[in-house]
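**Q** This is the structure I want to talk about, given as C-alpha cells.
In our numbering, the protein residues as written are 324 to 755.
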C-alpha cells in the first residue's frame, strides 16, 4: 500500500545530521505521513475561508492526533460511516479546489473482521500500529528475514497476488470502487487473512482504489467507473502475521494513446528498477533508474511517497525513493524484503491532499499510474513475492514491453525459470 499503499515521506530539507534523527523519530512513531501539499491560490482561499470548527482539522499534512480516551481511530473519508460526519464536512468539501474530474463519493459502512481464527494486526481495533519487533535506529538498518519468515511472506505475497487479480477482473465501466472493495474484503477473509489497509491509522476500507489523477490512497466509494478511466488497485493482506503488498493498473473501456503511453512508461521504469536489485547495491540508486527512464518521455515521478520495507510490520526500513537522490537508506542484502512502487504522472508530480486526509491527487489534475511488488533479495538476485502466476491476466504493457516481455517474477535463476514456463503459456495464448 503506497506507501501506497501506505508510505513514508522522506525528510529532505534538513541537515544530514538532523535528517537521521528525524528519520528515526518518524520510523519509530508513525510509519505513514501524508505529503506536503502544493500551495495554489485556490487552496489558499479554501484554507482561509470560514468553516465550522469541527471540520477545520481535516486538511493536515500529518495524521490527526488520536484521543487517549477513545477506543480506536476515527474513520476518515467523505461520507464517512455516519451521516453526522458527512453533514459536518459538506460545506468544507464542497469548496475544496479539486484539481481534476474525480470527486469524493459516498462510502459504505466500515467493515470489521470478527473471525476469531484470523490473525489480526495490532491496529485492527485501535487504528494505531505499534513499532513492531524490529525497531531500526537509523535509516540504513534493515531487517534480515529468517527462512521461516520468508516462507510466511511468500504465502502472504501469493495471496496478495490472488486478490489483486480478482479485483482487476472486476474492473469495468459501471462498476463502483466500493464494489471492488467488497470483493477484495470478502475474499481476503474467506482465505483466512486480514486486509492490511483496514483501520490502519483509521483507513476506512480494505484496499485503495486510485482513479485517473489520484496518485495513491484513494478510498473506495459509490462512484461508478467510466469509459476511459485508469485505476490503480492497491492490495495488502496480513496472513499468519506477515504482510504481502502489491498494486497494478487497470482501465475501464477504451483509453487514449497518452494514457497507454503512461501505463507502458510506468511499467517499464518499474521493471528496470526491479532488475537492478541484487546484494551489495545501494537502495538510493533505484530512484535514478526510474527518473532517467521517464524524464526523456516527458513524465514526472512523485517525490512525496515512497516504497518501504515490509514484513510483520506494514511499513519499515528501507525507504525506497523513486527519484534521483543521495539519501543513506542502506545497502541491499540477502533476506531483505521491501516494495518498489513508482508513481508516475503525465503532468505535475506535486500532490494535492483531499480533506479526507488520505486521497492524494496530482495538483494539475493530470493522470497518474503506479505498479508495486513485494520483493525478496536472494543470493543471485531478486524475487517478486507478489508475482503473477499462470492464472493471472497478461496486460498489453507486459506483452509490448521493450524492457521485459511477459510477466516479471524476478532475476534469480529460480524466478527466471518459473517466468519462462508461465510466459510460454501466456504469450502463446495471447498471440493465438
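For glycine and all other residues, C-beta sits at the position ideal for the given N, C-alpha and C.
In its own chain, which residues sit with a C-beta less than 8 Å from the C-beta of residue 564, not counting the 5 before and 5 after it?
**A** So the list reads 442, 475 and 635, once near-sequence residues are dropped.
**Q** Enumerate in chain order the residues of its own chain whose CB-to-CB distance from residue 440 is below 8 Å, with the five nearest sequence positions on each side excluded.
**A** Excluding positions up to five away in sequence, the list reads 515.
**Q** Quick one: using the 10 Å Cβ neighbour count with 16 as the cut-off for buried, is residue 453 buried or exposed?
**A** Exposed, by the Cβ-count rule.
**Q** Using only CA atoms, which one of 721, 728 and 700 lies nearest to residue 477?
**A** Of the candidates 721, 728 and 700, the one whose C-alpha sits nearest the C-alpha of residue 477 is 700.
**Q** Under 8 Å, do residue 554 and residue 569 count as touching if we go by C-beta distance?
**A** Their beta carbons are not under 8 Å apart, which means residue 554 does not touch residue 569 by this criterion.
**Q** Determine the closest residue to residue 542 out of 493, 522 and 533, with distance taken between C-alpha atoms.
**A** For residue 542, the nearest C-alpha among the options comes from 533.
**Q** According to the neighbour-count rule (16 or more other Cβ atoms, all chains shown, within 10 Å of its Cβ), is residue 693 buried or exposed?
**A** Classification of residue 693: buried, given that the 10 Å Cβ count is 16 or more.
**Q** Are the beta-carbon atoms of residue 539 and residue 504 separated by less than 8 Å?
**A** Not closer than 8 Å, so no.
**Q** Whose C-alpha, out of 724, 738, 579 and 721, is nearest the C-alpha of residue 698?
**A** Ranking 724, 738, 579 and 721 by Cα distance to residue 698 puts 738 first.
**Q** Compare the Cα-Cα distances from residue 520 to each of 483, 456 and 688 and report the closest residue.
**A** Considering only alpha carbons, the answer is 483.
**Q** Roughly how many whole angstroms lie between the Cα atoms of residue 548 and residue 464?
**A** Roughly 42 Å separates the two Cα atoms.
**Q** What's the C-alpha gap between residue 308 and residue 591?
**A** One cannot answer for residue 308 here, as it falls past the ends of the chain, which runs 324 to 755.
**Q** Residue 643 to residue 668, Cα distance in whole Å?
**A** Taking the straight line from one Cα to the other gives about 18 Å.
**Q** Considering only the alpha carbon of each residue, which of 500, 460 and 523 lies closest to residue 428?
**A** Out of 500, 460 and 523, 500 has the C-alpha closest to the C-alpha of residue 428.
**Q** Helix, strand or coil: which one does DSSP assign to residue 481?
**A** The answer is helix: DSSP assigns residue 481 an H, G or I state.
**Q** Rank 460, 512 and 537 by C-alpha distance to the C-alpha of residue 684 and give the top, closest one.
**A** Out of 460, 512 and 537, 537 has the C-alpha closest to the C-alpha of residue 684.
**Q** Out of curiosity, what's the CA-to-CA distance linking residue 580 and residue 449?
**A** Each residue's alpha carbon lies about 45 Å from the other.
**Q** Would you tell me roughly how many angstroms separate the C-alpha atoms of residue 456 and residue 727, rounded to the nearest one?
**A** Taking the straight line from one Cα to the other gives about 37 Å.
**Q** Report the residue from 595, 603 and 640 whose alpha carbon sits nearest the alpha carbon of residue 614.
**A** Selected option, being the one with the closest Cα: 595.
**Q** Roughly how many angstroms lie between the CA atoms of residue 632 and residue 659, to the nearest whole one?
**A** So the two alpha carbons sit approximately 8 Å from each other.
**Q** Here's a check: name, in chain order, each residue in its chain whose Cβ is nearer than 7 Å to the Cβ of residue 620, leaving out the five neighbours to either side.
**A** Closer than 7 Å at Cβ, skipping near neighbours: 588.
**Q** Just grab the DSSP bridge partners of residue 661 for me.
**A** Its beta-bridge partners are 632 and 698.
**Q** Figure out for me which residue from 627, 736, 639 and 603 has the closest Cα to the Cα of residue 646.
**A** If we check each option's Cα against that of residue 646, 627 comes out closest.
**Q** Could you name the residues that DSSP lists as bridge partners for residue 572?
**A** In the DSSP output, where bridge partners are listed per residue, residue 572 has 555.
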